[in-house]
Amino acid sequence: MNGNAKKIVAIVMIAVLVVSALAIVASLHRKLSSEEPSTVIQASLEVTDPMRSVDSNSNEEPDYVENVDVEASDSEAESFVDENDNGMADSQEIAEENIVDLSENGDSGTATRGTEEISAPEDNKTMNLIKPGKLTENPKVDVLFPGYADAIKWSLKDHGGIVDIAKEIKKAAFGLPQPDMRWITQHPGIAKEIHPAMYFNEDGFNGTSLNFTSITHVEKVDKNNDGYPEYFKKVSYSNLTQDDDKDEKYELIVVKYSEHVFYDNNSDGYHEYDKWVSLFAYLQDKDEDGYYEVKVVQAIGGFYKDDNSDGNREVVKAYAVGNQTKDINENGKYEFHLVMFGVAEKYDNNSNGNFESVKAYFGVRAVKDENEDSVPELMAVTVTGYQMIDKNDDGYPENETFIHWRYKKIDENSDGNYEHVKGIAAYATYYDNNSDGNKEYAIMGIKAIAYEDSNDNGTIESGAKGFALWKVKDENDDGYNESMEFAFGMVNGTDEDEDGNYEFAWKLYGAYGYYDNNSDGNPEYRHFVLAGWIIGDRDNNGIREHAGILYTELTMRDDNSDGMPNEQRSGTFYREIWDRNQDRIYEKERGVAEVNYRYDNNSNGVCEVKSLKLFGYSLYRNATNNNITHITLVVINGNATNTDDTGFYEYENFTLLIVHKDDANANGNPEYVSVWEIKHNQFVNETGLINITIMGSYKYVDRNDNGLRDTYWVNLIKITRIDYNLDGIWDSVTREKITHTGSDESS
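Each number in our numbering comes from the position in the sequence shown (counting from 1) with 82 added on.
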């Protein structure tokens, strides 16, 4: 393939790419119309009874801290009453050596197990841990707080993955959204500072004088001895201290406290009131001056009420709070500070098992200020929230809303100018006004921003921002959307020398929507648009060396809503230019313009009218005199008409033109010229069906570059075909050909 042919193919390929882009629209429509909002938002929060088993593994750590199965139903959660079917409530079996039966007069001096009388437990017990592991300055991040161990371990392996919002809510302890630790810990400056939550094992501590104290106390009242206590309370306390020099000044103090209380007044196994709490503290004072350099404190707990004792809780609340600080030089200014909070509330006022209101939020904030100047070198914040309202209490929420946002900024030299900033905010809201399970309206949006100031002078060298918005309406509530709108936009720019002129920038905007007024699943109108531009100014003098623009649009109209469009229109415009020496003369330029139209009056899939206009070009100019050195031009213009709706177009008229010129020395005298053209015309008259095709070509060579053609060629072919009977058989075919060769040099 010679160079000219390659250039022609390149222009044609541009047109093919444009058509392919339009084909993507149909695929996009199918995808957006088939996806349901339920894949993005969790419909409801299932909060499992945290006391499914109080302490099934007897490790003196309540199971509601260790493992909460949020997928379990209420009936499953209540199985803790007698899980092993041995006729004794599990609350009686757990920590049975420490159970204290309260008599009606309040005497708690002894406890009874069968007919055996046992003494109440001692106040405490102490043991030495043998060769515990070493406490390092930057311990490996295994756990942040109890109950989140698996989530943190998994999240630390993920750097910047997309957050599955529904999944985070679904698996959260107590219905609290999981902390978005993938965002918080993906920066090593934070990850290395986070202290592991203190489980009592040999990997966490160091020293020769570690004392461990544990107390567990259980109280219960079961007046009718039916295995369902009317009152139950369990308190667990654990304390660990480290005193290496044995001066009674502790280098390390770790405390855990948990409490669980419930009331079952009618002794039916359904608790009218149930509350639980777990507290944890880790205090480190290496120099034994009474000031803790490292502190970790957390609390998690909640309660629920079931006033009518039917197993359906009218109120469920849970909360989580955590705080970690690091102040090595003990001046009251934290080098590192981490705060976590979470809350979940559910209300079922008529106690039928359907919650009228659900709210859940979780947030994390981490700040690092190593030089203690009150200007953080690193800050990261994330918040996740969910809210549901079901006023008529039928299990179909009238409104659901979700929010998620995150923000991070880095100021490594702590001068108040942030070198890196990233932020994202997302929301989704659904409305089901008649509460039948089919949402009439949904809207989702996301916004993001990022910028860099690498030299830290307060001027942004690189920035990007974007948005996406999605709206769906189903007003008649039949499951077929009357309208859908989707739009997105992105902007990016780079200004490395910070003079206000971008060396590189681009924008992209896209939108797609449809209307289905009769709500039958076949939209009467669809519209798609995509627009963008790009600029380049490498030496940053305000004169662009490179620029490009793209715009494409497609509309489809289906008046009778049968799935067969009556009318389709599309258009595309593309142009790109290069001015490398910045003299405002474009050395290189190319572009495409296209308009396409189809009309199907009776909507049977066979177009009565169709037309296409396409123009494409590519050229090079001499940077000195602005003369064109190379140009390739492609033009297509045609239309067709089908009168009898058979798919055979009786009237056709189109032209294809391809022109190529080469003028290497840019003196205005082309060394090579080629023109190739096809004209086609078809029509019906009293004679029959007439089909005429004319193909012509002309080219010449001027090797001496003197304006005289050394050799030129002219070829013309005309083919005429006639179908007298209109039966699809050509009755007459004639061919005419004209060929001429000559030279201006010899004349």
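Note that CB positions come from ideal geometry on N, CA and C, so glycine has one too.
> Alpha carbon to alpha carbon, how far is residue 535 from residue 299?
Replying inline: Numbered from 1 along the sequence shown, position 453 holds the residue referred to as residue 535. Numbered from 1 along the sequence shown, position 217 holds the residue referred to as residue 299. One C-alpha to the other measures close to 58 Å.
>> Assuming residue 748 and residue 707 are in contact, meaning their beta carbons sit under 8 Å apart, how far apart are those beta carbons, in whole angstroms?
In response: Taking the first residue of the sequence shown as position 1, residue 748 is located at position 666. Taking the first residue of the sequence shown as position 1, residue 707 is located at position 625. Confirmed, about 6 Å.
>> Quick check: the region 351-363 against the region 381-398, are at least 3 beta-carbon pairs closer than 8 Å?
In response: Three or more beta-carbon pairs drawn from the region 381-398 and the region 351-363 are found closer than 8 Å, and the two stretches are therefore classed as touching.
>> Once the 5 residues before and after residue 810 are set aside, which same chain residues still bring their CB inside 6 Å of it?
In response: In the sequence shown, residue 810 corresponds to position 728, counting from 1. Answer for residue 810: no residue qualifies.
> Roughly how far, in whole angstroms, is the beta-carbon of residue 613 from the beta-carbon of residue 574, given that I think they are within contact range, below 8 Å?
Replying inline: The count along the sequence shown starts at 1 and reaches residue 613 at position 531. The count along the sequence shown starts at 1 and reaches residue 574 at position 492. The pair is not a contact, with the Cβ atoms about 15 Å apart (cut-off 8 Å).
> Using the C-alpha atoms, what's the distance from residue 555 back to residue 531?
Replying inline: Within the sequence shown, residue 531 is the residue found at index 449, counting from 1. Within the sequence shown, residue 555 is the residue found at index 473, counting from 1. Computed Cα separation, rounded: 29 Å.
> Rounded C-beta distance between residue 653 and residue 627? I'm assuming under 8 Å.
Replying inline: Translated into the one-based positions of the sequence shown, residue 653 becomes position 571. Translated into the one-based positions of the sequence shown, residue 627 becomes position 545. Residue 653 to residue 627, Cβ: 29 Å. No contact.
> What residues match up with residue 671 in a beta bridge as DSSP calls it?
Replying inline: Against the sequence shown, residue 671 aligns to sequence position 589. Paired residue(s): 659 and 701.
> Expressed to the nearest angstrom, what Euclidean distance is found between the alpha-carbon atoms of residue 757 and residue 778?
Replying inline: Mapped onto the sequence shown, residue 757 falls at position 675. Mapped onto the sequence shown, residue 778 falls at position 696. So the alpha carbons of these two residues sit roughly 8 Å apart.
> Under the rule that 16 or more other beta-carbon atoms within 10 Å means buried, what is residue 521, buried or exposed?
Replying inline: Numbered from its first residue, the sequence shown carries residue 521 at position 439. Label assigned to residue 521: buried.
> Helix, strand or coil: which one does DSSP assign to residue 324?
Replying inline: By 1-based counting over the sequence shown, the position of residue 324 is 242. Strand.
>> Please identify the residue among 735, 658 and 683 whose C-alpha is closest to the C-alpha of residue 698.
In response: Translated into positions along the sequence shown, residue 698 becomes position 616. Cα-wise, what sits closest to residue 698 is 658.
>> Between the alpha carbons of residue 363 and residue 467, how many angstroms are there, rounded?
In response: Mapped onto the sequence shown, residue 363 falls at position 281. Mapped onto the sequence shown, residue 467 falls at position 385. Cα to Cα, the separation comes out at about 27 Å.
> Where do the ends of the beta strand (DSSP E) carrying residue 361 lie?
Replying inline: Numbered from its first residue, the sequence shown carries residue 361 at position 279. 355-366 is the extent of the beta strand (DSSP E) around residue 361.
>> On a Cα-Cα basis, can you pick out the residue from 313, 557, 715 and 370 that is closest to residue 741?
In response: Looking up residue 741 in the sequence shown gives position 659. Comparing Cα-Cα distances from residue 741 to each of 313, 557, 715 and 370, the minimum goes to 715.
> Where DSSP assigns a beta bridge to residue 594, which residues make up the other side?
Replying inline: Here residue 594 corresponds to residue number 512 of the sequence shown, with the count starting at 1. In DSSP, residue 594 forms a bridge with 568 and 610.
>> Please report the straight-line C-alpha distance between residue 776 and residue 803, rounded to a whole angstrom.
In response: Indexing the sequence shown from 1 puts residue 776 at position 694. Indexing the sequence shown from 1 puts residue 803 at position 721. Using only the alpha carbons, I get a separation of about 12 Å.
> Between residue 643 and residue 595, which are expected to be in contact by the criterion C-beta below 8 Å, what is the C-beta distance as a whole number of angstroms?
Replying inline: The residue you call residue 643 lines up with position 561 of the sequence shown. The residue you call residue 595 lines up with position 513 of the sequence shown. Incorrect: roughly 16 Å between the Cβ atoms, too far for contact.
> Who pairs with residue 532 in a beta bridge, going by DSSP?
Replying inline: Here residue 532 corresponds to residue number 450 of the sequence shown, with the count starting at 1. DSSP, once it has assigned bridges, lists 504 and 546 as partnering residue 532.
> What do you get for residue 373, buried or exposed, if any count of 16 or more other CB atoms within 10 angstroms of its CB means buried?
Replying inline: To locate residue 373, count along the sequence shown from 1; it is residue 291. It counts as exposed.
>> According to DSSP, simplified to helix, strand and coil, what is residue 394?
In response: In the sequence shown, residue 394 corresponds to position 312, counting from 1. Residue 394 falls in the coil class under three-state DSSP.
> Buried or exposed: where does residue 453 fall if 16 or more other Cβ atoms within 10 Å of its Cβ makes it buried?
Replying inline: As a first step, residue 453 is located in the sequence shown; it is residue number 371 there, counting from the start. The residue is exposed, with fewer than 16 neighbouring Cβ atoms inside 10 Å.
> Is residue 746 helix, strand or coil by DSSP?
Replying inline: Numbered from 1 along the sequence shown, position 664 holds the residue referred to as residue 746. DSSP places residue 746 in coil when its eight states are reduced to three.
> Terminal residues of the continuous beta strand (DSSP E) containing residue 805?
Replying inline: Here residue 805 corresponds to residue number 723 of the sequence shown, with the count starting at 1. Note, residue 805: beta strand (DSSP E), 793-805.
> Should residue 765 go down as buried or exposed, given a rule of 16 or more other Cβ atoms within 10 Å for buried?
Replying inline: Numbered from its first residue, the sequence shown carries residue 765 at position 683. With fewer than 16 other Cβ atoms within 10 Å, it is exposed.
>> According to DSSP, is residue 410 part of a helix, a strand, or is it coil?
In response: Here residue 410 refers to the residue found at position 328 when the sequence shown is read from its first residue. Residue state, collapsed to three classes: coil.
>> Give me the residue from 331, 800, 338 and 333 with the minimum Cα distance to residue 321.
In response: Against the sequence shown, residue 321 aligns to sequence position 239. With respect to the C-alpha of residue 321, the residue from 331, 800, 338 and 333 having the closest C-alpha is 338.
>> Just verifying my parser: in three-state terms, what is the DSSP assignment at residue 733?
In response: Position 651 of the sequence shown, counted from the start, is the residue given in the question as residue 733. DSSP places residue 733 in strand when its eight states are reduced to three.
> Using DSSP with H/G/I as helix, E/B as strand and the rest coil, what is residue 433?
Replying inline: For this step, residue 433 is matched to residue 351 along the sequence shown. Correct three-state label for residue 433: coil.
>> If I measure Cβ to Cβ from residue 126 and keep anything under 8 Å in the same chain, skipping five residues before and after, which residues do I get?
In response: Counting from one through the sequence shown, the residue named residue 126 turns up at place 44. Confidence at residue 126 is low in this model, with a pLDDT of 23, below 50, so the placement of that residue is unreliable and no value is reported for it.
>> Can you list, in chain order, the residues of its chain with a C-beta nearer than 6 Å to that of residue 395? Leave out the 5 residues immediately preceding and following it.
In response: Along the sequence shown, one-based indexing puts residue 395 at 313. The residues are 386 and 388.
>> Quick test of your reading: residue 805 and residue 771, contact by CB under 8 Å. State the CB separation rounded to the nearest angstrom.
In response: The residue labelled residue 805 in the question sits at position 723 within the sequence shown. The residue labelled residue 771 in the question sits at position 689 within the sequence shown. Right, their Cβ atoms sit about 4 Å apart.
>> Check for me: the beta strand (DSSP E) holding residue 637 runs from which residue to which?
In response: Mapped onto the sequence shown, residue 637 falls at position 555. Residues 628-639.
> Got a sec? Which residues, its chain only, sit under 8 Å from residue 583 by beta carbon, not counting five neighbours each side?
Replying inline: On the sequence shown, residue 583 is found 501 positions in, with the first residue counted as 1. These residues qualify, in order along the chain: 577, 619, 622, 623 and 624.
> Quick one: what's got a C-beta closer than 8 Å to residue 108's C-beta in the same chain, skipping five residues either side?
Replying inline: By one-based count along the sequence shown, residue 108 stands at place 26. With a pLDDT of only 34 at residue 108, under 50, the local geometry of the prediction cannot be trusted, and no value is derived from it.
> Over what stretch of residues does the beta strand (DSSP E) that includes residue 334 continue unbroken?
Replying inline: Here residue 334 corresponds to residue number 252 of the sequence shown, with the count starting at 1. Element bounds for residue 334: 334-345.
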